[in-house]
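Novice: Okay, here's the structure, questions in a sec.
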Amino acid sequence: MTTGERPLASTGRARAGRAPAEAPGRQDWTSWPHYDGAAEGFRGYWYPATWSSHVTDKPRPFTICGERITLIRDAGTAYALHDRCPHRGVPLSEGDQQFPGTVSCPYHGWTFDLPTGRLAAVITDGPGCRLVGKVAVRTYAVEERLGMVWVYIPLADEEPHPVDSQLPEELVDNPFVMGGRIEPRGGNWRFACENGFDEGHAKYLHRTALWRLFKPMPTWNITRIVPRDRWIYRVQDEVHWEADFPGVGRWSNKRWWKKRPPRETFNIGNTGKADTVDPTIEAQEFPGFASLSMPGVLRIAYPKFIHYEFYVPVDADHHRYVGVMVNFTEGWETLRFYAKYLGAIRWLFHGQFSAQDAWMVDVTDAPPEKLYRPDISLTAWRNLSEEEYGGKLAAVGAKPQAPTDEKKA
Ligand code: FES
Ligand SMILES: [Fe+2]
445 MTTGERPLAS TGRARAGRAP AEAPGRQDWT SWPHYDGAAE GFRGYWYPAT WSSHVTDKPR
505 PFTICGERIT LIRDAGTAYA LHDRCPHRGV PLSEGDQQFP GTVSCPYHGW TFDLPTGRLA
565 AVITDGPGCR LVGKVAVRTY AVEERLGMVW VYIPLADEEP HPVDSQLPEE LVDNPFVMGG
625 RIEPRGGNWR FACENGFDEG HAKYLHRTAL WRLFKPMPTW NITRIVPRDR WIYRVQDEVH
685 WEADFPGVGR WSNKRWWKKR PPRETFNIGN TGKADTVDPT IEAQEFPGFA SLSMPGVLRI
745 AYPKFIHYEF YVPVDADHHR YVGVMVNFTE GWETLRFYAK YLGAIRWLFH GQFSAQDAWM
805 VDVTDAPPEK LYRPDISLTA WRNLSEEEYG GKLAAVGAKP QAPTDEKKA
């Protein structure tokens, strides 16, 4: 174990103890009030909205944390404005650019300065319009990282923290190539995030994925959750490839055409130990292959690449899935990665495998819920978010604003 880690809890039966038969398991989310209240997402974070190349001089609408935003690019810089004209409430994303550095509402030509959101001119009221400079739409901080446009959704009126402090650390300074998918999906963002870090499902739900056609998945594991810095990690202490279920039968995902399961327990990749691990990935000394941080950033470390998922809250019933596969190579090696990404990973992993997750996230309906031993991954994440968000509220010294359009207009 690396310095700074504390074992948080174990899913081991010996340590978990046994609840009395009559005691109900956790049924609701009242132990995590901030999390419970975050159906539309945690404010006070950066969220990726779309690919940088999709933000052009034509404004486009996005909803993040229940907030309607329009993104537009002018002279190379991306801007985010509240997507509602204060005149009669028409979305500015329906408008276009009439003057450099501005966006104009399509209805009566109210024209807003992009950096400040201030009303710069009203085309249909002539040059002397008295409202100019007195009315503004809200603007949002924007950054571009990983080929995407990131928008800061404020809690109150605080200054945003640097976007880099929220990215996985290894993506800030190392050279890498990447491929990815951004998809609107049904289901609350918390179900997506919980699914990403969920200890129990991958070995069962994904047993039929083509991505796993030649690699067996375990039957069950003993897993610990280990916090380190702002992340929590799933650490596998035991991996079981088959099991006899008393009175029911034997179950295994081993098949004659699949690779033999590894003998030793492993913590990079989820199907076995690799002969060589990429030096950049090895240098991170991740305690476990799956890790999660606020506000819903999942990292799955494989021997040669790392897969990330960012769960972007849209509204209570929709989220945006951002899946990115990163390879820490430079030069000619990058071609090999692109060929592998476009030829296989994009379709098998970001496609069919990930579609199984999307299906479950869309049909999950909780609370109420009755958790089981592997759900330590879910409760650890909820505890992490509860603690970090509580700290953030205290630091900002304000109650979160209700994300209603009325307030922001
Ligand atoms: S509604 Fe936007 S200009 Fe009238
Ligand atoms: Fe999954």
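Letter 206 of the sequence shown, counting from 1, is numbered 650 in the numbering used here, and no numbers are missing. C-beta: ideal position from N, C-alpha, C; glycine also. In this text, all values refer to a predicted model and were calculated from it rather than measured experimentally.
1) To the nearest angstrom, how far is the alpha carbon of Gly630 from that of Val805?
2) Would Trp701 be called buried (16 or more neighbouring beta carbons within 10 Å of its own) or exposed?
3) Reducing DSSP to helix, strand and coil, say where Trp825 ends up.
4) Please report the residue range of the beta strand (DSSP E) in which Pro628 lies.
5) List the endpoints of the continuous beta strand (DSSP E) containing Val756.
6) Between Val586, Ala565, Ala585, which has its C-alpha nearest Val579's C-alpha?
7) Assess, as a yes-or-no matter, whether the segment 626 to 643 is touched by the segment 761 to 775 under the definition of 3 or more beta carbon pairs within less than 8 Å.
8) At a cut-off of 7 Å, is Ala646 close to ligand 2 when judged by its beta-carbon and the heavy atoms of the ligand?
9) Spell out whether any CB of chain B is found under 8 Å from the CB atom of Phe486.
10) Could you tell me whether the segment 771 to 784 touches the segment 518 to 526, using the rule of 3 or more Cβ pairs below 8 Å?
11) Less than 7 Å separating the Cβ of Leu649 from some heavy atom of ligand 2?
12) By DSSP, does Arg780 sit in helix, in strand, or in coil?
13) For the alpha helix (DSSP H) containing Arg665, list its first residue and its last residue.
14) Where do the N-terminal and C-terminal ends of the beta strand (DSSP E) with Met592 fall, by residue?
15) May I ask you to report which of helix, strand or coil DSSP gives Gln680?
16) List the endpoints of the continuous beta strand (DSSP E) containing Gly693.
17) In the structure shown, what three-state DSSP assignment does Ala734 receive?
18) State the start and end residues of the unbroken alpha helix (DSSP H) segment that holds Val770.
19) Would Arg634 be called buried (16 or more neighbouring beta carbons within 10 Å of its own) or exposed?
20) For Arg674, which option in Tyr782, Ser696, Val741, Gln541 has the closest C-alpha, if you only look at C-alpha atoms?
21) Using CA coordinates, which residue listed in Arg743, Ala760, Asp761, Pro747 is at the minimum distance from Glu753?
22) Measuring CA to CA, which of Val670, Ile789, Tyr489 is closest to His751?
23) Whose CB is closer than 5 Å to a heavy atom of ligand 1? List the residues in chain order.
24) So, Val411 versus Val499, is the Cβ gap smaller than 8 Å?
25) State the start and end residues of the unbroken beta strand (DSSP E) segment that holds Arg528.
26) Leaving out five residues on either side along the sequence, give the residues of the same chain with a beta carbon under 6 Å from the beta carbon of Leu736.
27) With a CB to CB cut of under 6 Å and the five nearest residues on each side skipped, what residues in its chain are close to Phe486?
28) Relative to ligand 2, is the shortest distance from any of its heavy atoms to the C-beta of Val618 smaller than 7 Å?
29) Tell me whether Pro811 is buried or exposed, calling it buried when 16 or more other Cβ atoms sit within 10 Å of its Cβ.
30) Give the DSSP-derived three-state secondary structure of Asp557 in the structure shown.
31) Among residues of its own chain, excluding the 5 on either side of Lys828, which ones have a beta-carbon nearer than 6 Å to its beta-carbon?
32) Less than 7 Å separating the Cβ of Asn771 from some heavy atom of ligand 2?
33) Can you tell me which of Trp695, Tyr551, Arg582 puts its alpha carbon nearest to the alpha carbon of Lys647?
Specialist: Straight from the coordinates:
1) Going by the C-alpha atoms only, they are around 7 Å apart.
2) exposed
3) Three-state result, Trp825: helix.
4) 621 to 630
5) 750 to 759
6) Ala565
7) yes
8) yes
9) In the structure shown, chain B does not exist; there is a single protein chain.
10) Contact between the segment 771 to 784 and the segment 518 to 526 is absent, with fewer than three C-beta pairs closer than 8 Å.
11) yes
12) Collapsing the DSSP output to three states places Arg780 in a helix.
13) The identity of residue 665 in the sequence shown is Asn, whereas the question assumes Arg. Looking at the DSSP string, Asn665 is not in any alpha helix (DSSP H); the run it does join, the beta strand (DSSP E), is 664 to 672.
14) 592 to 597
15) If DSSP states are grouped into helix, strand and coil, Gln680 belongs with the strands.
16) Taken as a continuous stretch (DSSP letters only), the beta strand (DSSP E) holding Gly693 covers 693 to 696.
17) strand
18) Element bounds for Val770: not the alpha helix (DSSP H) but the beta strand (DSSP E), 762 to 771.
19) buried
20) If we check each option's Cα against that of Arg674, Val741 comes out closest.
21) If we check each option's Cα against that of Glu753, Arg743 comes out closest.
22) Ile789
23) Going down the chain, each residue whose beta-carbon is closer than 5 Å to a heavy atom of ligand 1 shows up: Cys529, His531, Arg532, Val534, Cys549, Tyr551, His552, Trp554.
24) For residue 411 there is no data in the structure shown, the boundaries of the chain being 445 and 853.
25) First-last for Arg528: undefined, no H or E at that position.
26) Phe641, Ile676, Leu742, Trp825
27) Cβ within range, chain order: Pro739, Tyr833.
28) Before going further, note that residue 618 is Asn rather than Val in the sequence given. Outside the cutoff, so no.
29) With fewer than 16 Cβ atoms within 10 Å of its Cβ, Pro811 is classed as exposed.
30) strand
31) The question names Lys, but residue 828 in the sequence shown is Leu. Excluding positions up to five away in sequence, the list reads Ile676.
32) no
33) Trp695
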